[in-house]
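Everything below concerns the one structure shown next.
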Amino acid sequence: MARRKKVQVWVGTRKGGYVVEGDSERRKWTVKPPFHADKEVFRITADPRHPGTAYVAANSGWWGPSMFRTRNGGKSWTEISVPGTPRLKARSPPVESPSAQFPIKNLWQVVPGPTSAPRTVYLGADPGLLFRSDNEGASWTPIAALNEHPTRPQWNPGAGGMCLHTILIDPDDARRMYVGISAAGAFRSDDGGEHWTPKNRGVEAPFLPDRFPELGQCIHKFAFDSADASTLYRQDHGGIYVSHDRGDRWVRIGKSLEDDFGFVTATAPSLPGEAFFIPLQGISRTMLGNQFQVYRWSDRSRHWGALVPKGRWPGDYGMHRDGMATDSLDPAGVYVGTTTGQLFWSRDGGRSWNLVPYQFPGIHSVDVGISDRS
Amino acid sequence: MVEVHLDSMLSQFVARRHLTTSAGSVGALLDDLEARYPRLRHRLRDESEAVRPFVKIFVNGREVRPRGDGGPTLGPRDEVDILHSIQGG
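Residue numbers (the working numbering), protein chains in the order written: chain A, 26 to 399; chain B, 68 to 156.
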């Protein structure tokens, strides 16, 4: 008999973070009390290398950015350092900042390193900054080759700032990495971050005079195919794309939709060759059809499917770029948090959907961690 | 001595609301506060020493922003209030 798992859905909101707990059946959920409720939690990332460990990237207009780590599934939290900003208890003597040239406005993304480097964590920040920690967030090293990239003067902030919001590490080759910066585009490194090359060919930037520039695209999110890391799915300001050659060329796949503007994409280990998107109306930034709706792209049949029955949840729902996540179970769980505080979930790869009966603050991010039940 | 008044939000970092300093400028005042109360460091100013957006500094009731040279200057009878502007929502 399979051992029962604990599934933790980590929800970052405008007013703190939440963990929503269920088991591998994923039928009932318990919403635990919020933590860090005085901060905007942009991101909570579970670390699958260390079940029960998660990182929080929080921001505050009053206090600036801060980071926290739990090793026990959210029962307790330890403040860890922000680049250039040591943790509270260690602020004497002052520490010189490695990033003072580009002060951090907001933290956006935390990503565990490869399994071969179990204490490594990557951090993405506004304005267009990437950092690596090799000691689980006790200190950070700026990735200078990207942070001081020669094209940086051509980067511009999107509406959410010049956020480095996506960090992907190739599961087949940990030295190959990708980042997404709004509005600079996607970059790839094949040598562990020593060199970075823009990877935006074929992606339209409808807001620029040159509609297909080398960089300047407002990338919103991208993800690996779960079985083939040379295939990536990409949601840009200027449409939905797929690449089958590690980002060298992108082909638009969203044109048949009513609109292919949007912020999110996600893939699931049990669904190779498929990707979830939530396209939005370009003017209002709300879901198509004036209802909660998720679309699944099949890269084999090259077809789109709308997953939520018409009229199931009418309304005008918005999404932030980290608002969708999947789990590693089979069938896949899919989780969607909205800017109006609803958390939808599917336990069968998107075939049926439910709503967690809790009104969250506006949701910035969703992630999922799975551990053995204790 | 310059009298400094801190708002209640700062009480999580500094155990007192009122204190004095001999700093001769607003920039020196912030340096002095951060040196005496390290937990304040990076809370009033970011890592480039720019005052954070919602931190407001008043000298004798007039709002000031520190300049690159550390000014405005402070005199022995000045009163400084450090407040956090309230943002709704």
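Glycine included, C-beta positions come from ideal geometry on N, C-alpha and C.
Contact check for Ile-168 (chain A) against Arg-157 (chain A) passes: the beta carbons are separated by less than 8 angstroms. In this structure, Phe-67 (chain A) lies near Asn-131 (chain A), with their beta-carbon atoms less than 8 angstroms apart. By the C-beta criterion, the segment 96-105 of chain A is judged not to be in contact with the segment 131-145 of chain A, since fewer than 3 inter-stretch pairs fall below 8 angstroms.
Residues of the segment 349-373 of chain A that bring their beta carbon within less than 9 angstroms of a beta carbon in chain B are absent altogether. Going by beta carbons, Gly-298 (chain A) and Arg-325 (chain A) fall inside the 8 angstroms limit.
Taking CB atoms only, Pro-386 (chain A) has no neighbour in chain B less than 8 angstroms away.
The alpha carbon of Phe-249 (chain A) has as its nearest neighbour, out of A:Asp-198, A:Gly-241, A:Trp-102, the alpha carbon of A:Asp-198. Residue contact check for Ser-75 (chain B) against chain A: no CB pair falls below 8 angstroms.
Cβ-Cβ separation between Gly-241 (chain A) and Ala-208 (chain A): approximately 6 angstroms, consistent with a contact (criterion under 8 angstroms).
In this chain, the alpha helix (DSSP H) harbouring Ala-169 (chain A) covers 169-172.
Residues of the same chain with a CB within less than 6 angstroms of the CB of Val-135 (chain A), apart from the 5 flanking positions on each side, are Arg-68, Thr-70, Tyr-80, Ala-82, Leu-148 in chain order. Contact annotation: Pro-59 (chain A) and Lys-40 (chain A) have beta-carbon atoms nearer than 8 angstroms. Contact annotation for Phe-121 (chain B) against chain A: Gly-86, Trp-87 [CB-CB distance below 7 angstroms, chain order]. Across the segment 107-121 of chain B, CB contacts with chain A closer than 7 angstroms involve Arg-108, His-109, Arg-110, Asp-113, Glu-114, Ser-115, Ala-117, Arg-119, Pro-120, Phe-121, in sequence order along the chain.
Shortest Cα-Cα distance from Phe-247 (chain A) to any of A:Gln-384, A:Gly-279, A:Gly-205 involves A:Gly-205. An exposed status is given to Ser-101 (chain A), since fewer than 16 other beta-carbon atoms sit within 10 Å of its beta-carbon. Ala-254 (chain A) sits in coil when the DSSP states are folded into three classes, being neither helix nor strand.
Under the 10 Å beta carbon count, Phe-237 (chain A) is surrounded by fewer than 16 other beta carbons and is classified as exposed. Residue pairing by DSSP places Asp-48 (chain A) opposite A:Lys-31 in a beta bridge. Under the Cβ criterion of 8 angstroms, His-72 (chain B) is not counted among the residues facing chain A. Here Arg-327 (chain A) is not near Phe-301 (chain A), since their CB atoms are 8 angstroms or more apart. Straight across, the Cα-Cα distance linking Val-289 (chain A) with Leu-97 (chain B) is about 42 angstroms. Between the segment 99-112 of chain B and the segment 348-367 of chain A, the count of Cβ pairs shorter than 8 angstroms is below three; the stretches do not touch.
Residues of chain A whose Cβ lies closer than 8 angstroms to the Cβ of His-85 (chain B) do not exist, since the nearest Cβ in that chain is about 20 angstroms away. Annotation for Gly-210 (chain A): no alpha helix (DSSP H) segment contains it, though the beta strand (DSSP E) segment containing it runs 210-214.
Within a 10 Å sphere around the beta-carbon of Ile-303 (chain A) sit 16 or more other beta-carbons, which makes this residue buried.
Excluding the 5 residues flanking it on each side, His-174 (chain A) has same chain C-beta neighbours closer than 7 angstroms at Trp-221, in chain order. Contact between Ala-90 (chain B) and Leu-141 (chain B) holds, with the beta-carbon distance rounding to 6 angstroms and staying under 8 angstroms. Against chain B, the CB of Pro-59 (chain A) has no partner CB under 8 angstroms away; the residue lies outside that interface.
Taken atom to atom, the span from the alpha-carbon of Val-276 (chain A) to that of Phe-80 (chain B) is near 52 angstroms. Counting C-beta pairs with one atom in each stretch, the segment 383-398 of chain A and the segment 306-321 of chain A have fewer than three that are closer than 8 angstroms, which means they do not touch.
Shown here is that no member of the segment 168-195 of chain A has a Cβ falling below 9 angstroms from a Cβ of chain B.
Contact annotation: Val-118 (chain B) and Arg-132 (chain B) have beta-carbon atoms nearer than 8 angstroms.
Taking 8 angstroms as the cut-off, the beta carbon of Lys-335 (chain A) is found closer than this to the beta carbon of Gly-314 (chain A). Cβ-Cβ distances below 6 angstroms link Pro-90 (chain A) to Asn-84, Val-107, Ile-129, Leu-132 in the same chain, with the five nearest sequence neighbours on each side left out; the list follows chain order. The CB of Gly-109 (chain A) comes closer than 7 angstroms to the CB of Glu-114 in chain B, given here in chain order.
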